[in-house]
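Novice:
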Amino acid sequence: DSGVTQTPKHLITATGQRVTLRCSPRSGDLSVYWYQQSLDQGLQFLIQYYNGEERAKGNILERFSAQQFPDLHSELNLSSLELGDSALYFCASSVLAGIQETQYFGPGTRLLVL
Amino acid sequence: AQSVAQPEDQVNVAEGNPLTVKCTYSVSGNPYLFWYVQYPNRGLQFLLKYITGDNLVKGSYGFEAEFNKSQTSFHLKKPSALVSDSALYFCAGGSGGYQKVTFGTGTKLQVIP
Chain A
15 DSGVTQTPKH LITATGQRVT LRCSPRSGDL SVYWYQQSLD QGLQFLIQYY NGEERAKGNI
75 LERFSAQQFP DLHSELNLSS LELGDSALYF CASSVLAGIQ ETQYFGPGTR LLVL
Chain B
142 AQSVAQPEDQ VNVAEGNPLT VKCTYSVSGN PYLFWYVQYP NRGLQFLLKY ITGDNLVKGS
202 YGFEAEFNKS QTSFHLKKPS ALVSDSALYF CAGGSGGYQK VTFGTGTKLQ VIP
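Read top to bottom, the protein sequences are chains A and B. Using the working numbering, read the first sequence as starting at 15 and increasing by one per residue. Using the working numbering, read the second sequence as starting at 142 and increasing by one per residue.
1) So with Cβ pairs under 8 Å, would you call TYR47 (chain A) a contact of chain B?
2) What number of angstroms, rounded off, separates the C-alpha of LEU97 (chain A) from the C-alpha of GLN31 (chain A)?
3) Just the Cα atoms here: how many angstroms apart are LEU217 (chain B) and THR248 (chain B)?
4) Quick one: does PHE78 (chain A) have its CB under 8 Å from some CB of chain B?
5) Do GLY120 (chain A) and GLN20 (chain A) have their C-beta atoms closer together than 8 Å?
6) Quick one: Cα of PHE231 (chain B) to Cα of ALA28 (chain A), how far?
7) Apply the 10 Å Cβ neighbour rule to ASP150 (chain B) and answer buried if 16 or more other Cβ atoms are within range, or exposed otherwise.
8) Quick check: the Cα distance between GLN147 (chain B) and ASN65 (chain A), rounded to an integer number of angstroms?
9) State yes or no: is the beta carbon of ILE26 (chain A) nearer than 8 Å to at least one beta carbon in chain B?
10) Please list, in chain order, all residues of the same chain as ARG77 (chain A) whose beta carbon is under 6 Å from its beta carbon, the five residues on each side excluded.
11) Per the DSSP calculation, SER225 (chain B) is bridged to which residue(s)?
12) Please state if the CB of ASN73 (chain A) and the CB of THR34 (chain A) are separated by a distance shorter than 8 Å.
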């Protein structure tokens, strides 16, 4: 158990809908990362937050947004969902924000868009 | 563009034998390289990383990887494979922050009893 929690574990929704994925980092970790793992695109970095501020942005679509709250949990919002958004979404956390930091991953949220 | 390649979709090895999972990279500047493991129906787990320093990096669960600059490789190795090592292994690399890190396509390791 990495100490990173993600809810829900599974989510089934329809095209055009909006969903919110939640991530709680390990106690004491200030940095949160979001990744997408899909059959088509493989593993991709989406976005990183550090202590409430956006720190780095990857291949995140404009239909997607994220934020990190004062209690350090993070939410990834996916809107106008398309079939291709079906994927496993991982959250990870680390103490600080640098590349030298070890990331700890949550179990993921599996999203199925029908 | 930065890229990481895992040339083998699957590697089969007998239990007790040494294992190698291959990774090559194409990164401008000084590379950061990582190995992650994904067990069935579970999240990613960090195994080891190379940032700078010794070319031989030791990681979790008895794994190690050798950074070879001339061959632009970062192969994952273990002296004696366990059945419990069977999983999907991802190499990742880049230069700069985590937003610059790209992942390989993954190699499925099957350790045969």
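Backbone N, C-alpha and C define an ideal beta-carbon position, used for all residues, glycine too.
Specialist: With the structure as the only source:
1) yes
2) 11 Å
3) 11 Å
4) False, the Cβ-Cβ gap to chain B never drops below 8 Å.
5) yes
6) Going by the C-alpha atoms only, they are around 31 Å apart.
7) Label assigned to ASP150 (chain B): exposed.
8) 34 Å
9) At a cut-off of 8 Å between beta-carbon atoms, ILE26 (chain A) makes no contact with chain B.
10) Excluding residues within five positions, the ones whose Cβ falls inside 6 Å are SER93, SER94.
11) DSSP output for SER225 (chain B) lists no bridge partner at all.
12) no
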